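Right, one structure below, let's go through it.
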Amino acid sequence: MASMNTDTRLLMILSAAATMARRRNGDDAARAASPVLALAIAVILTFRARSASAVGTTPHSDFSYNEDDPTGPAKWATLQKDWAVCDSGTEQSPIDIDKVEETSKDLGPLEQTYSAGAAVLQNRGHDFMLNWTERNGKLTIKGKEYRLQQAHQHVPSEHTVNGTRFDAELHMVHEDPAKARAIVSILFSSKAGKPNKLLSDLKPYFEKLAGKPNATEQVKGPVDPSVWIDKASGYYRYEGSLATPPCTEGVLWTIMSKVEDVSKEEIDSIKSVKKVHSRWREMHVLLRKSTTVLFGTTNLEPHKGKMRQRQRQGQAERGDHEPWQWNEMDTPVSIWWQKACAFN
Numbered sequence: 001m002a003s004m005n006t007d008t009r010l011l012m013i014l015s016a017a018a019t020m021a022r023r024r025n026g027d028d029a030a031r032a033a034s035p036v037l038a039l040a041i042a043v044i045l046t047f048r049a050r051s052a053s054a055v056g057t058t059p060h061s062d063f064s065y066n067e068d069d070p071t072g073p074a075k076w077a078t079l080q081k082d083w084a085v086c087d088s089g090t091e092q093s094p095i096d097i098d099k100v101e102e103t104s105k106d107l108g109p110l111e112q113t114y115s116a117g118a119a120v121l122q123n124r125g126h127d128f129m130l131n132w133t134e135r136n137g138k139l140t141i142k143g144k145e146y147r148l149q150q151a152h153q154h155v156p157s158e159h160t161v162n163g164t165r166f167d168a169e170l171h172m173v174h175e176d177p178a179k180a181r182a183i184v185s186i187l188f189s190s191k192a193g194k195p196n197k198l199l200s201d202l203k204p205y206f207e208k209l210a211g212k213p214n215a216t217e218q219v220k221g222p223v224d225p226s227v228w229i230d231k232a233s234g235y236y237r238y239e240g241s242l243a244t245p246p247c248t249e250g251v252l253w254t255i256m257s258k259v260e261d262v263s264k265e266e267i268d269s270i271k272s273v274k275k276v277h278s279r280w281r282e283m284h285v286l287l288r289k290s291t292t293v294l295f296g297t298t299n300l301e302p303h304k305g306k307m308r309q310r311q312r313q314g315q316a317e318r319g320d321h322e323p324w325q326w327n328e329m330d331t332p333v334s335i336w337w338q339k340a341c342a343f344n
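Counting from 1, position 67 in the sequence shown corresponds to residue 67 in full-length UniProt numbering; the numbering is continuous, with no gaps.
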């Protein structure tokens, strides 16, 4: 019983109550209680769906990624009073990781304990969100535990590396008991044409939910988020914000340095959620203060440095088929880094 979530326990209690009513008072009393039981179940399921959607995001009907829309990114700060930070914030995400000179051995390997669990896939109108219906793991940062809540995709990627934008980016959203957020990001490239195992398994659900905003599908069998995390990969760490309204700051971002494979067919199935413009927010760097980006590894000694922001105007955007080039970094660290992160 201890492993069951609150919703399951409550449903069991309500069901048991109906059974007892039938035994004590006959079928008439049980039938009279049925509407109450049905209403209670509906309330629980509705509340759970809303709670899941609320983790780290705002309903997508309230804003748009289309720059030409009156609810597009340039207007987010004006749409609601508590969204003003979308324009005035100094730690907004996403960012371009243009230069990293600080390698922190103190960060160590990514401390996560994920396990397979039941999950529901939802079409949110702009993306597909994978929501686990039971506790299935956590991320630990500086002794603080963040529980995994949901995962969703951006096509193409929101974060860029040295100006390179990738085919897709997966966000694994975590929360601690105080509702502080930590997001693990995985970048994907279709250059090699190799499928991703978990995305391949979810592809039929993407296709079934295509064009059905707010529809959900229970995924058959457990879904294991640990398959997205390559334990041999390093990672970037910086403090930013939610990449969607209300753009809340203070979010700890962990971006895996290893770019994962994805097939073009899988990318197309993710795009099938709805025919909208590409889903990413432009870099918000005009007000952003200098950002320290740490690289987590257990193999190198720590180095100090800052990340240099790339200005929005005049930024050259390269395709994901070009290799990463680390300018002004001809140290042994950069040589190791290029070898570790190269993808062919």
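We treat Cβ as the ideally placed atom computed from N, Cα and C, and that holds for glycine.
Note that the structure is a prediction, hence the values are computed from the model and not measured.
Quick one, are the C-beta atoms of Gly240 and Glu91 less than 8 angstroms apart? Going by C-beta atoms, Gly240 is nearer than 8 angstroms to Glu91.
Going by DSSP in three states, Ala30 sits in which element: helix, strand or coil? Note that Ala30 scores 46 on pLDDT, short of 50, meaning its location in the model is unreliable and no value can be drawn from it.
Would you kindly work out how many angstroms separate the C-alpha atoms of Thr78 and Gly163, rounded to a whole number? Approximately 29 angstroms between the Cα atoms of the pair.
What first and last residue would you give for the alpha helix (DSSP H) that runs through Leu202? Counted as a single uninterrupted DSSP element, the alpha helix (DSSP H) harbouring Leu202 occupies residues 197-209.
Asn196 versus Arg135: straight-line alpha-carbon distance, rounded: So the two alpha carbons sit approximately 24 angstroms from each other.
Among Pro222, Val184, Ser64, Phe295, nearest to Asp201 - alpha-carbon criterion: When each option's Cα is compared against that of Asp201, the closest is Pro222.
Output the distance between the C-alpha atoms of Pro94 and Val155, rounded to the nearest integer angstrom. CA-to-CA, the gap between Pro94 and Val155 works out to about 14 angstroms.
Chain-order list of residues whose beta-carbon lies under 6 angstroms from that of His137 (same chain, five-residue window excluded): It should be pointed out that residue 137 corresponds to Gly in this sequence rather than to His. Once the five neighbours on either side are set aside, the close Cβ partners of Gly137 are Thr113, Tyr114, Ser115, Leu148.
What distance in whole Å lies between the Cβ atoms of Val262 and Ser189, which are believed to be in contact at a cut-off of 8 angstroms? Right, the Cβ-Cβ distance comes to about 7 angstroms (below 8 angstroms), so this counts as a contact.
When we look at the beta-carbon of Ser157 and count the other beta-carbons within 10 Å, is it buried (16 or more) or exposed? Taking every protein chain shown into account, the CB of Ser157 has 16 or more other CB atoms within 10 angstroms, so this residue is buried.
Which of helix, strand or coil does DSSP assign to Leu79? In the displayed model, Leu79 falls within a helix according to three-state DSSP.
Is Leu252 helix, strand or coil by DSSP? Taken through DSSP and simplified to helix, strand or coil, Leu252 comes out as strand.
By the three-class DSSP mapping on this structure, what secondary structure does Glu266 have? Three-state result, Glu266: helix.
For a test of the three-state rule: what should DSSP assign to Ser88, helix, strand or coil? Judged by DSSP in its simplified three-state form, Ser88 adopts helix.
Using a Cβ-Cβ cut-off of 8 angstroms (strictly less than) and excluding sequence neighbours within five positions of Ala118, which residues of its own chain qualify? Result list for Ala118: Trp132, Thr133, Glu134, Gln218, Val219, Pro222, Val223, in chain order.
Return the bridge partner residues of Ala151 from the DSSP annotation. DSSP output for Ala151 lists Leu130, Met172 as bridge partner(s).
Glu265: buried (16+ other C-beta within 10 angstroms of its C-beta) or exposed? Glu265 is exposed by the Cβ-count criterion.
With Asn123 as the anchor, note down where its beta strand (DSSP E) starts and where it stops. Looking at the DSSP string, the run of the beta strand (DSSP E) that includes Asn123 is 119-123.
Distance CB(Asp62)-CB(Pro213) smaller than 8 angstroms: The Cβ atoms of Asp62 and Pro213 lie no closer than 8 angstroms to each other.
Assumed close pair Phe295, Leu209 - CB separation to whole angstroms, cut-off 8 angstroms: About 37 angstroms; that fails the 8 angstroms criterion.
With a 10 Å radius around its C-beta and 16 neighbouring C-beta atoms as the bar for buried, classify Met307 as buried or exposed. Reliability of the predicted coordinates at Met307 is poor, the pLDDT of 37 falling under 50, and the value obtained from them is presented with this limitation in mind. Taking all protein chains in view, the Cβ of Met307 is crowded by 16 or more other Cβ atoms within 10 Å, so the residue is classified as buried.
How would you call Glu260, buried or exposed, if buried means at least 16 neighbouring beta carbons within 10 angstroms? By the neighbour-count criterion, in which a residue is buried when 16 or more other Cβ atoms sit within 10 angstroms of its Cβ, Glu260 is buried.
Taking Thr216 as the reference, which of Glu111, Asp106, Asn123 has the closest Cα? That would be Asn123, whose Cα lies nearest to the Cα of Thr216.
Member of Glu249, Met256, Leu242 whose CA lies at the smallest distance from the CA of Val161: The option with the nearest alpha carbon to Val161 is Met256.
With a cut-off of 8 angstroms on the beta carbons, I'd call Gly231 and Pro109 a contact; round off their distance for me. Reading off the sequence shown, one finds Lys at residue 231, where the question assumed Gly. For Lys231 against Pro109, the beta-carbon gap comes to about 7 angstroms, under 8 angstroms, which counts as contact.
Cβ shell of Thr254 (< 6 angstroms), same chain only, five flanking positions each side left out: Same-chain partners within the cutoff: Val184, Tyr235, Arg237.
Please name the residue, chosen from Ile270, Leu170, Val273, that lies closest to Ser226 on a Cα-to-Cα basis. Nearest Cα to Ser226 within the set Ile270, Leu170, Val273: Leu170.
Between the C-alpha atoms of Lys271 and Val120, what's the straight-line distance to the nearest angstrom? Rounded to the nearest angstrom, the two C-alpha atoms are 18 angstroms apart.
Got a sec? Which residues, its chain only, sit under 7 angstroms from Ser64 by beta carbon, not counting five neighbours each side? Once the five neighbours on either side are set aside, the close Cβ partners of Ser64 are Thr71, Gly72.
Could you name the residues that DSSP lists as bridge partners for Thr113? According to DSSP, Thr113 bridges with Lys138.
Taking the DSSP output, what are the residues bridged to Ser190? For Ser190, which the question treats as bridged, DSSP gives no partner whatsoever.
What residues match up with Tyr65 in a beta bridge as DSSP calls it? According to DSSP, Tyr65 bridges with nothing at all.
To the nearest angstrom, report how far apart Val273 and Lys144 are at their CA atoms. Rounded to whole angstroms, Val273 and Lys144 show a C-alpha spacing of 35 angstroms.
Delimiting residues of the beta strand (DSSP E) encompassing Ser241: Ser241 -> beta strand (DSSP E) spans 235-241.
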